[in-house]
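Engineer: Please read through the structure below; I'll follow up with questions.
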Amino acid sequence: MVNIKNTLRIFLPILLLSFSYNSYSQSLAGIYLSGSNGLKTDSVYLSDNTVVLLKREKPLLSFLLDEKLQTTGDVEVAKTENACRMVFDKKVSLVISRIMPPFAAGNEFTAEFENISADTVSISNVVPFVQDIETVSITGKGPSDLARAWLFRPGYAPVRVILPDNAWEMGYASFETAGQYSLCSVARRRSIEGGIRQRYQTILPPKSKVSYSVNTSVFSGEWQNGLRLIFRDKYLYDLDKFDNSLYTRADLSWIKESYLIVLQMAWDREFFDRTTGKYTFPDLLKRSASQFGYIDVYGIWPTWPRLGLDQRNQWDMYRDLPGGTAQLRNFSRLSRQNNTRFFIAYNPWDNSTRKEDHYKGMARLISEIEADGVVLDTRGSSSYELQAAADSVRKGVVMFSEGMAVPKDMPGIISGRVHNAIFLSPELNLNKLIKPDFSIFRVCDIGEDLVHREIAIAFFNGYGTELNMFRPGGRDDDYTNDMDFLAKTTLLLRQNNDAFLDHNWTPLIETTTDRVYVNRWSAGRKVIYTVLNMRSEGIEGKLFRAERDSGLHYVSLWDHENVDPVNENGIEYIPVTAPGWPASWYGTRREGSVGCIAGLPVLLNSFIKGDSLFLKSPGGKKILIWKGNPSYKSEYKEFNAVKDTVVRIRDLFGYYEGKIVIQMIDNKHLLDENILEFKAGLPWLVSKITTTVRSAGIAPDMVLVPGAVFSYEVSASDEFIPYPRISNLTVRVDSFLIDKYPVTNAQYYEFLQSSGYMPSDTTRYLRHWERGIYRQGQERYPVVYISYEDAKAYAKWAGKRLPSHDEWQLAAQGTDKRKWPWGNEFHGTLCNNAFDKPTPVDAFPKGASPCGALDMVGNVWQMTNDLYFNGSNYFIMIRGGSYYKPDSSWWYIQGGPQPLDKTQMMLLVAPGFDRNSTVGFRCVRDIDSSRFRGKK
């Protein structure tokens with residue numbers, strides 16, 4: 020043995036496979052070590068002979084000896100053949116040597132600790148290199164607990180993480196070098212000789228040993244790429260190659276789209292009611308449908324803790340349920356009709372009851388019940404024999420382990436749980452990074468405590484929830500609130516299942532606020548950000564950078580609100596809002612709030628105009644239109660539109676005002692979402708123009724109004740009830756014909772004689788007539804005491820229609836914005852000037868408008884076709900004023916002749932109420948431009 024007292028470089032080769040994140044496809048060939056003042060390194064050596072310098076010298080390894088930090092840079096180094104030896108506090112020797120691992124030759128070195136003292140010692144927190152301010156690391160922290168692994172990031176407080184059940188003691192480190200690369204390294208406990216294995220440490224009595232393997236590699240880009248390499252690509256060096264056979268089976272793929280499991284015991288009243296002797300399971304399915312849409316998996320459990328009371332084995336317990344396996348088969352079929360898979364359970368420890376081959380017994384029961392899956396009690400893995408037994412009788416049967424499979428077992432099972440033995444789940448589950456399409460479910464033990472926090476963390480990590488209903492109780496108001504919360508997360512998980520299976524998802528992207536965590540997921544151009552807020556004060560404001568894809572728009576899928584990026588110093592950030600909670604909830608299952616932001620390509624282009632919803636180019640995809648926020652309790656309408664589509668909101672949801680959410684869905688997955696606000700109060704046009712038979716000439720009682728693109732502006736005297744937009748209007752109106760005069764009593768009488776028209780409500784109808792006819796001498800007076808419906812009936816009979824507001828304006832004013840039909844100055848001799856009684860329609864021949872229309876103002880108000888609704892009131896627009904002018908108060912509608920820049924609404928109640936002595940109408944007719952004779 021040689022003591023190294025002078026500067027010495029030792030080349031420690033570590034041959035690794037090429038790394039996909041390295042743009043130059045380089046791999047690490049070795050680590051240069053300096054042994055002058057402890058075992059340290061300041062550079063690494065790549066496969067192309069490039070030397071990469073570190074930013075500063077680092078020890079090769081660090082660890083805790085009896086809870087005291089030790090590093091290889093703190094002690095003298097002795098060199099033997101192919102190894103280096105160090106002694107710490109005269110208690111433990113550490114030997115660093117090259118090894119050939121069982122699954123890939125030449126890619127790791129060993130670190131073997133031996134207790135050389137007479138006392139018992141502990142070894143823990145073995146971390147490659149050392150934790151410092153520039154290093155991302157994973158190691159144990161805090162008091163003894165089932166889950167005390169933490170992820171440390173520069174600039175942030177540490178965050179708890181879930182690791183595989185065989186890797187809780189692991190240590191991880193990654194950091195940037197002085198060049199373009201970063202290093203990542205993991206230390207794994209591999210063997211113990213004479214020591215005591217504990218979850219996070221090894222107890223070493225005298226002469227006992229514990230050995231770690233340490234794998235180091237090089238990568239480029241963000242620090243999360245190092246995690247991906249070690250966890251996802253190398254499976255923590257537990258596997259050389261991953262067999263994806265189960266994951267590619269189409270008959271098992273349904274579990275990848277599943278996010279809600281309910282496990283229940285056979286004696287639960289929600290499955291079977293002993294007092295009535297009837298099954299209540301169908302009612303449970305019905306209730307679940309109303310709350311969750313459906314349960315993905317329902318599992319029935321009739322064994323433990325009843326099993327063992329007599330000689331019956333676990334399969335007998337199923338057969339002895341009321342109705343036996345025939346009844347359970349009916350429930351299995353009923354479940355699938357409701358999008359639910361039906362599971363049984365397997366108790367591998369059942370070896371003392373009636374003897375029956377476990378595999379054959381399970382297969383027989385699966386066949387009899389037509390079960391879709393099996394809950395593997397006390398197992399963290401499955402086996403070829405179990406899956407083969409199920410496959411022999413039925414395809415699509417999924418094994419679901421009680422525990423979470425470790426990497427080496429993942430090829431043999433595709434679903435598992437975050438066990439409820441961990442009471443407060445760590446915020447980040449790195450098992451999801453190892454195999455993103457492994458289906459994970461967080462166990463929520465109903466009756467143990469609230470489950471809000473656990474649902475939030477499961478959603479943040481992109482996986483589902485198991486409602487374990489084994490305990491009695493716990494189904495109170497808090498449970499109801501938690502289930503509403505779960506329904507919301509479940510809908511988002513299902514709609515974005517394509518993103519939550521993202522092989523390249525990114526945990527813990529950079530945020531502006533600590534303890535508000537964000538994971539990034541993507542599917543095509545769609546990007547999903549799940550947000551977990553662990554700050555009791557909540558968060559409101561910019562949180563993370565927007566995507567570089569400028570073609571995305573952002574929405575909060577949690578609140579269903581549009582999100583506008585905030586620009587700060589040329590960088591666009593996404594603002595996030597997540598509520599806080601009372602500080603007393605910290606460290607309990609009440610804490611935590613979530614958010615979900617989506618960056619979506621612009622596909623829908625929907626908008627609201629008036630009372631109509633316009634959907635632009637949906638492309639034949641499924642369109643869901645929600646009344647308010649989407650949820651399983653919300654009302655929605657479904658469409659399959661292949662081109663631009665217009666739908667009336669009233670036809671969808673009746674008299675509704677508020678949020679409208681439009682979603683484009685393809686294969687159950689969200690493609691785009693628009694959030695619109697349908698606000699009542701402001702009116703929208705609900706009437707439509709029905710084109711008349713087009714005229715080829717000018718009728719004697721009509722005049723031509725040449726078409727034009729023109730601007731006009733009108734105002735109202737009282738806007739307590741808001742008017743439609745009536746200022747700065749520029750419109751296009753095609754040529755049309757308009758009645759030269761308002762419709763007269765004589766013309767309306769002819770209509771009645773010819774058509775036999777009689778309104779269903781005759782209240783105040785033609786009240787100024789006597790015995791069904793107008794008074795003598797009033798044949799040329801304008802007809803009044805008619806309703807909007809009466810006027811439209813006349814127009815239809817005459818082959819005409821009521822004019823639009825724009826058409827009436829053009830006919831009265833032309834295009835020069837004059838104030839009166841005859842010009843800009845008012846002349847009381849050119850119209851009925853508030854005479855307090857009507858006059859014949861042809862009484863003022865010099866009051867013509869530019870097109871030749873007469874009696875446009877002063878005699879009677881004239882109805883237009885424009886019918887509006889504001890969520891509460893219907894009204895039409897009337898123009899021109901009338902002979903009646905009340906003047907004792909300014910609260911009255913302004914009467915007398917009205918200039919052409921004034922308009923007036925007439926609020927509608929019922930035809931009888933609406934008929935009055937001052938409102939009449941005139942009609943228009945469309946023309947056939949191709950055959951029209953006369954000046955246009």
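So for the sequence shown, our numbering puts the first residue at 20; every next one is plus one. Ideal placement from N, C-alpha and C gives every residue a C-beta, glycine not left out.
#1: Output the distance between the C-alpha atoms of Trp-909 and Gly-877, rounded to the nearest integer angstrom.
#2: Using alpha carbons as the reference points, say which of Ser-272, Leu-255 and Tyr-256 lies closest to Asn-263.
#3: Keeping to the same chain, check which residues put their C-beta closer than 8 Å to that of Lys-59; ignore five residues upstream and five downstream.
#4: Which runs of the beta strand (DSSP E) spanning at least 3 residues fall entirely within the segment 325–413, listed in chain order?
#5: My understanding is that Thr-499 touches Ile-474, with C-beta atoms under 8 Å, so please give their C-beta distance in whole angstroms.
#6: From which residue to which residue does the beta strand (DSSP E) around Ala-597 run?
#7: Out of curiosity, what's the CA-to-CA distance linking Leu-632 and Glu-732?
#8: Expressed to the nearest angstrom, what Euclidean distance is found between the alpha-carbon atoms of Asn-366 and Leu-395?
#9: Suppose the cutoff is 7 Å on Cβ atoms and the five residues either side in sequence are ignored; what does the same chain contact list for Ala-308 look like?
#10: Is the beta carbon of Gly-159 closer than 8 Å to that of Asn-144?
#11: Go through its chain and collect everything with a Cβ distance to Ile-745's Cβ below 8 Å, but skip five positions before and after it.
#12: Any chance the segment 537–554 sits against the segment 478–487, with 3 or more Cβ pairs inside 8 Å?
#13: Which residues share a DSSP beta bridge with Lys-77?
#14: Count the CB pairs spanning the segment 248–261 and the segment 528–541 that are closer than 8 Å, and state whether there are at least three.
#15: With a threshold of 6 Å on Cβ separation, who are the neighbours of Met-875 within its own chain once the five nearest residues in sequence on each side are excluded?
#16: Kindly confirm or deny that the segment 834–849 and the segment 924–935 touch, where touching means at least three C-beta pairs closer than 8 Å.
#17: Along the chain, where does the alpha helix (DSSP H) containing Tyr-200 start, and where does it finish?
#18: Opposite Gly-560 in the DSSP bridges: which residues?
#19: At the level of alpha carbons, what is the spacing between Lys-379 and Ala-440?
#20: If you draw a straight line from the alpha carbon of Arg-167 to that of Arg-413, how long is it in whole angstroms?
#21: Could you tell me which residues DSSP puts in a beta bridge with Val-712?
#22: How many Å lie between Leu-182 and Ser-62 at the Cα?
#23: Using the Cβ count rule (16 or more neighbours within 10 Å means buried), how would you classify Ser-210?
#24: Out of curiosity, what's the CA-to-CA distance linking Thr-221 and Pro-620?
#25: Beta-carbon within less than 7 Å of Asn-487's beta-carbon, same chain only, minus the 5 sequence neighbours each way: which residues are those?
#26: From which residue to which residue does the alpha helix (DSSP H) around Pro-840 run?
#27: Ala-409: buried (16+ other C-beta within 10 angstroms of its C-beta) or exposed?
#28: Let me know if Pro-649 comes out buried or exposed under the rule of 16 or more other beta-carbons within 10 Å of its beta-carbon.
#29: Tell whether a beta-carbon distance below 8 Å holds between Pro-362 and Gly-312.
#30: Quickly, what does DSSP pair Pro-801 with across the bridge? List them, please.
#31: Once the 5 residues before and after Ser-823 are set aside, which same chain residues still bring their CB inside 7 Å of it?
#32: In whole angstroms, what separates the C-alpha of Asp-947 from that of Asp-809?
#33: In three-state terms, what does DSSP make of Trp-604?
#34: Answer yes or no: do Thr-793 and Phe-854 have a C-beta to C-beta separation smaller than 8 Å?
#35: Considering only the alpha carbon of each residue, which of Pro-491, Asp-920 and Gly-431 lies closest to Arg-288?
#36: Mapping DSSP to helix, strand and coil, what is Leu-821?
Structural biologist: Reading it off the structure:
#1: 19 Å
#2: Ser-272
#3: Leu-52, Ser-53, Glu-76, Lys-77, Pro-78, Leu-79, Thr-91 and Gly-92
#4: 360–365 and 392–395
#5: About 13 Å; that fails the 8 Å criterion.
#6: 590–597
#7: 27 Å
#8: 7 Å
#9: Asn-357
#10: yes
#11: Glu-732, Val-733, Ser-734, Ala-735 and Thr-922
#12: yes
#13: Thr-60
#14: no
#15: Ala-831, Pro-840, Ser-868 and Gly-899
#16: no
#17: That residue, Tyr-200, is in no alpha helix (DSSP H); it is neither H nor E in DSSP.
#18: Val-595
#19: 31 Å
#20: 41 Å
#21: Partner(s): none; Val-712 has no beta bridge.
#22: 30 Å
#23: exposed
#24: 52 Å
#25: Leu-282, Asn-439, Val-462, Cys-463, Asp-464 and Ile-465
#26: From DSSP, Pro-840 is part of no alpha helix (DSSP H); its letter is neither H nor E.
#27: buried
#28: buried
#29: Note on residue identity: the sequence assigns Phe, not Pro, to residue 362. No.
#30: Thr-763
#31: Ile-708, Thr-883, Asn-884 and Asp-885
#32: 27 Å
#33: helix
#34: Checking the sequence shown, residue 793 turns out to be Tyr, not Thr. No. Outside cutoff.
#35: Pro-491
#36: coil
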